[in-house]
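Engineer: Numbering (our numbering), first residue to last: 975 to 1202.
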Ligand code: UTP
């Protein structure tokens, strides 16, 4: 069975827009796909993480402490998805990549959040993809794919349907420096999948048709990142 890792942003899972309805639909889709694919899902922290990180920073907490708050939010989101999967996945998110890989045979779908301070959930997903030798890594985000600039700020931004890892890294900047929100895909995570030769597919997670096609390895609306 092909192993697929899905990194799903908190901005997709819980933006505050019919979240329970969306998560139920997502869980139904993942449930169906899990009969033909081994799925590993890593959930992001989104605005819940941001809320705690911003307030904690104002209160003078250290960056590792703020990261810990972010990790708790990613694990809460993981539990929400586990709940919607009604027994198809583990109930409690594993706290390490090794832990997630080790329960593969016990569950149709393995769901986890972050691991330790200094990372992003994109990086956790890339490490997991490398560890389980995933066929591809799907990054479900809040935009349709990778753009030449931030499409929410620049109306001239264009979506690229194909690009190389180096092009993605050049667009994304330096990676996780401090707790809080990041770019479309963490460049450190991009370096890891590039090294492992794992294709990265960037897709709008709220577009379940695009998400389904990307997981199945069919043509999809979004961006494919791989070596040319
Ligand atoms: P995310 O990686 O989800 O960041 O983790 P994000 O940019 O908010 O992602 P979206 O919006 O969900 O797509 C939230 C924060 O939790 C900490 C980091 O501070 C990160 O910014 N974190 C997360 C860690 O320190 N380690 C982890 O393994 C995961």
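Backbone N, C-alpha and C define an ideal beta-carbon position, used for all residues, glycine too.
#1: Going along the chain, which residues of its own chain have a beta-carbon closer than 8 Å to the beta-carbon of residue 1116, five neighbours each way excluded?
#2: What is the C-beta distance between residue 1043 and residue 1066, in whole angstroms, given that I count them as a contact (C-beta under 8 Å)?
#3: Taking the alpha carbon of residue 1138 as the point to measure from, which residue in 1038, 1198, 1005 has its own alpha carbon closest?
#4: Would you mind stating whether residue 978 and residue 1110 have Cβ atoms separated by less than 8 Å?
#5: Take residue 1098 as the anchor and find which of 1010, 1025, 1166 has the nearest alpha-carbon.
#6: Using the beta-carbon count (16 or more within 10 Å), is residue 1038 buried or exposed?
#7: Compute the Euclidean distance between the alpha carbons of residue 1057 and residue 1031, then round it to the nearest angstrom.
#8: Should residue 1041 be listed as close to the ligand UTP, given that the test is whether its C-beta is under 7 Å from any heavy atom?
#9: In its own chain, which residues sit with a C-beta less than 6 Å from the C-beta of residue 1163, not counting the 5 before and 5 after it?
#10: Can you tell me the Cα-Cα spacing of residue 1211 and residue 1142, whole angstroms?
#11: Let me check understanding here. Comparing Cα to Cα, which of 1074, 1169, 1173, 1120 lies closest to residue 1159?
#12: State the start and end residues of the unbroken alpha helix (DSSP H) segment that holds residue 1012.
#13: Within 10 angstroms of its Cβ, does residue 1171 collect 16 or more other Cβ (buried), or is it exposed?
Structural biologist: To lay it out plainly:
#1: 983, 985, 986, 989, 1178, 1179, 1180
#2: Not confirmed; about 19 Å, so no contact.
#3: 1198
#4: Yes, they are a contact pair.
#5: Ranking 1010, 1025, 1166 by Cα distance to residue 1098 puts 1166 first.
#6: By the neighbour-count definition (other C-beta atoms within 10 Å, threshold 16), residue 1038 is an exposed residue.
#7: Their backbone Cα atoms lie some 31 Å apart in a straight line.
#8: yes
#9: 1096, 1097, 1100
#10: With the chain running from 975 to 1202 in the structure shown, residue 1211 is simply not present.
#11: 1120
#12: Residue 1012 -> not in any alpha helix (DSSP H); beta strand (DSSP E) instead, spanning 1011-1017.
#13: exposed
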